[in-house]
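> Residue numbers (our numbering), protein chains in the order written: chain A, 997 to 1197; chain B, 997 to 1197; chain C, 997 to 1197. Positions of the beta carbon are idealized from the N, C-alpha and C atoms, including for glycine. The structure that follows is given in the form of structure tokens.
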Amino acid sequence: MLLYVLDLIGVAVFAVSGALAAGRKRLDLIGVLALALVTAIGGGTIRDVLLDRHPIFWLADPRYIVVITVSGLGTVWLVRHQRTRPHETAMLVADALGLALFSVSGAQIAERAGISAAGGIVLGTVTGAAGGAIRDVLSAEIPVVLRRGSLYATAAIAGTGVYFALEALGVARGAATLVGMGVVASVRFAAIWWGLQLPEF
Amino acid sequence: MLLYVLDLIGVAVFAVSGALAAGRKRLDLIGVLALALVTAIGGGTIRDVLLDRHPIFWLADPRYIVVITVSGLGTVWLVRHQRTRPHETAMLVADALGLALFSVSGAQIAERAGISAAGGIVLGTVTGAAGGAIRDVLSAEIPVVLRRGSLYATAAIAGTGVYFALEALGVARGAATLVGMGVVASVRFAAIWWGLQLPEF
Amino acid sequence: MLLYVLDLIGVAVFAVSGALAAGRKRLDLIGVLALALVTAIGGGTIRDVLLDRHPIFWLADPRYIVVITVSGLGTVWLVRHQRTRPHETAMLVADALGLALFSVSGAQIAERAGISAAGGIVLGTVTGAAGGAIRDVLSAEIPVVLRRGSLYATAAIAGTGVYFALEALGVARGAATLVGMGVVASVRFAAIWWGLQLPEF
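Right, dumping it as structure tokens:
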């Protein structure tokens, strides 16, 4: 139940980030909803397709589409009528928590499907980061995930890697989950606030 | 049978639009066929993958690939040897009818698979609009579907929404289908001829 | 066993080409790995999803991810510390062999799944060429596959077409496979060294 609520919050946050990207490209209302939708459900959809989990999560439960529609339209309303954008720092923190939640839960779903740790790290990272990558591709930009200095995929790889390492060491799943998510969020925060980054190619 | 013929016509129209996009980017013959193919089968393929319908429609029936190849090569021949393009208005009308057909039939296929109306509207819109979006992404452009003033996704959402609403009100499926398709085409025509558009973000 | 080793070599070559593309875009280390990964497994993943083959090949066998990681990081190390790039000609030859291997084996997998020759040619071409197309889309460029003069998709279509034609004529599968792969590689070599190309649209 808690996980489900957190999941819906993560979806809402990603929908807001998709809607804001649509605003930067001056799309119309439906363009906003479309970009909010693919950002919010893209990663989980690819995860479900690759793992052959049917029905796809948002086809099984229409609440996801409702939450995304409300978040996307709410973002438009806020920006136009309140002449304010969602607070930048609040958005980054929420987005980091969404990434933490989606990547580690994606890795767990892969694990339960009998996938190896290597495959689970890739699938967890895809679950967390692919929605934003599709958003950027549709906006005709190089995905933030790939860009230097974001540590976006790095955070997801580190956190899911720690999750699998702790489990291999015998740590309980609940504790490993929390530590893994903490690592994802921490790496991302370090990139945002301290400018931490990986060596460039 | 009628639906199957209409389906092949829709595929042919989308193939022509992909071939013309390839022409604008000065691709070679195979580039033309590749872009014609993804434009024509992209939406339906994503629909089938998300609904776990196998075999995918164009793998089950090779006629689709034949129709697309003939349409793509025919477009090249027309443009080069007849020094003429397919008539602009005819193309827009045909494309609107293709969108109407694919989005409402996509929504029906989702409905028959037990998906909710909200999921059916999204899947129907994806069926109608995703092929063109992939065409634009491969051409390194922001998809027309997302751009202001096209009402492309809007038309599909409105038409599939009307379809589900009429069914919920007890209208017979055949009538709801025709009205839904009519709404899709009408909204799109309104955007093309009267410049109707949604508020910008 | 030989096929499996060749498959891993093909994956490694495609991973190197993804890593080099990431270098041109000045991505960081994880961006390099991400682009190496999608280039190497993109085509086979789409093939498996469209044919409903589960588990997806790289989820079933973690060796693929290991090979890709080593190839990607090795490329970075070579370029930075040896101040050398993988030899251009060697790369092109290896890439042509990878395309030959993946497209014909993709066509065979489709054939074994009961797909028609037309569908097998498309699926084989997708298996060989889609990874590079995704690499280019993520780099915000028009895919090389589509660009004039590369004969990339052309080579795959010709080779898989010859494979199906020979089988229809009663040639043994092993011989048809070798000739098909030879055609793919030869067409690609002709494009690279003699500037052979198709008429432009």
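With a cut-off of 8 Å, does the C-beta of B/ILE1026 fall near any C-beta of chain C?
Yes, contact with chain C.
> Near A/ILE1153, what residues of its chain come up, given a Cβ to Cβ distance below 7 Å and the 5 sequence neighbours on each side ignored?
So the qualifying residues of the chain are ILE1117 and THR1121.
> Shortest alpha-carbon distance to A/THR1041 belongs to which of A/VAL1089, A/TYR1060, A/GLY1027 and A/SER1135?
It is A/TYR1060.
> Three or more beta-carbon pairs under 8 Å between the segment 1159-1167 of chain C and the segment 1125-1144 of chain C, yes or no?
No: the two stretches stay apart, fewer than three of their Cβ pairs being nearer than 8 Å.
> Apart from the five residues just before and just after C/ALA1011, which ones in its own chain have a Cβ nearer than 6 Å to its Cβ?
Counting only Cβ-Cβ distances below 6 Å, and skipping sequence neighbours, we find ALA1032, ALA1036, ILE1064, SER1067 and GLY1068.
> Tell me whether the beta-carbon of C/VAL1179 lies closer than 8 Å to the beta-carbon of C/ALA1090.
No, the pair does not count as a contact, with Cβ atoms beyond the cut-off.
> Can you list the residues of chain B that C/LEU1142 reaches, using a CB-CB cut of under 7 Å?
Per Cβ cutoff of 7 Å: LEU1023, GLY1027, ALA1030, LEU1031 and LEU1134.
> Would you kindly check if the distance between the Cβ of A/SER1099 and the Cβ of A/THR1156 is under 8 Å?
In this structure, A/SER1099 lies closer than 8 Å to A/THR1156 by Cβ.
> Is the distance from the Cβ of C/ILE1027 to the Cβ of C/ALA1018 below 8 Å?
Note on residue identity: the sequence assigns Gly, not Ile, to residue 1027 of chain C. Yes, these two residues count as a Cβ contact at 8 Å.
> Since C/ILE1052 meets chain A, which of its residues come closer than 7 Å, beta carbon to beta carbon?
Residues of chain A passing the Cβ test: LEU1046.
> Which value, in whole angstroms, describes the spacing of the CA atoms of A/TRP1073 and A/ALA1015?
Answer to the nearest angstrom: the Cα atoms are 11 Å apart.
> Starting from B/ASP1132 and walking both ways along the alpha helix (DSSP H), at which residues does that stretch end?
That run of the alpha helix (DSSP H) goes 1113-1134.
> Taking the C-alpha atoms as reference points, what is the distance between C/SER1182 and C/ALA1151?
If you take the alpha carbons of C/SER1182 and C/ALA1151, they lie about 8 Å apart.
> Just to check my reading of the structure: B/ALA1136 and C/ILE1138 have Cβ atoms closer than 8 Å, yes? What is that Cβ distance to the nearest angstrom?
The pair is a contact, with the Cβ atoms about 5 Å apart (cut-off 8 Å).
> Under the three-state reduction of DSSP, which class applies to C/ASP1024: helix, strand or coil?
If DSSP states are grouped into helix, strand and coil, C/ASP1024 belongs with the strands.
> Can you list, in chain order, the residues of its chain with a C-beta nearer than 6 Å to that of A/GLY1102? Leave out the 5 residues immediately preceding and following it.
Within the same chain, A/GLY1102 has close Cβ partners ARG1043, LEU1119, GLY1120 and THR1123.
> Buried or exposed: which applies to A/ARG1184, given that a residue is buried once 16 or more other Cβ atoms fall within 10 Å of its Cβ?
Result: buried.
> Output the distance between the C-alpha atoms of B/VAL1143 and A/LEU1023, rounded to the nearest integer angstrom.
For the record, residue 1143 of chain B in the displayed sequence is Arg; it is not Val. Each residue's alpha carbon lies about 5 Å from the other.
> Would you say A/PRO1139 reaches chain B, if we count a Cβ-Cβ gap shorter than 8 Å as a contact?
No, its Cβ sits nowhere closer than 8 Å to a Cβ of chain B.
> Grab me the residues of B/ARG1169's own chain with a C-beta within less than 7 Å of its C-beta, minus the 5 sequence neighbours each way, in chain order.
Cβ neighbours of B/ARG1169 beyond the five flanking positions: GLU1163.
> Determine, using beta carbons only, whether C/SER1013 comes closer than 8 Å to chain B.
Not an interface residue.
> Which same chain residues end up closer than 7 Å to A/GLY1094 when comparing Cβ atoms and leaving out the 5 residues on each side of it in sequence?
Once the five neighbours on either side are set aside, the close Cβ partners of A/GLY1094 are GLY1006, VAL1009 and PHE1010.
> Taking C-beta pairs closer than 7 Å, name the residues in chain A that C/LEU1055 reaches, listed in chain order.
LEU1046, ILE1111 and GLY1115, listed in chain order.
> Are A/ASP1176 and A/TYR1148 closer than 8 Å when you measure CB to CB?
Correcting the residue type first, residue 1176 of chain A is Gly in the shown sequence and not Asp. Cβ atoms of A/GLY1176 and A/TYR1148: not closer than 8 Å.
> With a threshold of 16 other CB atoms inside 10 Å of the CB of B/TRP1054, please say whether the residue is buried or exposed.
Looking at its Cβ environment, which holds 16 or more other Cβ atoms inside 10 Å, B/TRP1054 is buried.
> Kindly indicate which residue of A/LEU1097, A/ALA1114 and A/ALA1187 has the alpha-carbon position closest to the one of A/GLY1145.
Closest by alpha carbon: A/ALA1187.
> Give the residues of chain A in contact with B/ALA1149, contact being defined as C-beta atoms less than 7 Å apart.
Going along chain A in sequence order, the residues near B/ALA1149 (Cβ under 7 Å) are ILE1026 and ALA1030.
> By the DSSP assignment, the alpha helix (DSSP H) with A/ARG1059 in it spans what residues?
Its alpha helix (DSSP H) spans residues 1059-1077.
> Determine the direct distance from the alpha carbon of B/LEU1046 to that of B/GLY1070, and round the result to whole angstroms.
Approximately 32 Å, taken between the alpha carbons.
> Within 8 Å (strictly less), CB to CB, does B/ILE1188 reach chain A?
Chain A, which has no Cβ nearer than 8 Å to the Cβ of B/ILE1188, makes this no.
> Would you tell me roughly how many angstroms separate the C-alpha atoms of A/VAL1001 and A/VAL1062, rounded to the nearest one?
Computed Cα separation, rounded: 14 Å.
> Leaving aside the five residues before and after C/LYS1021 along the sequence, list all residues of the same chain whose C-beta is less than 6 Å from its C-beta, in chain order.
Closer than 6 Å at the Cβ level, and outside the excluded window around C/LYS1021, lie SER1135.
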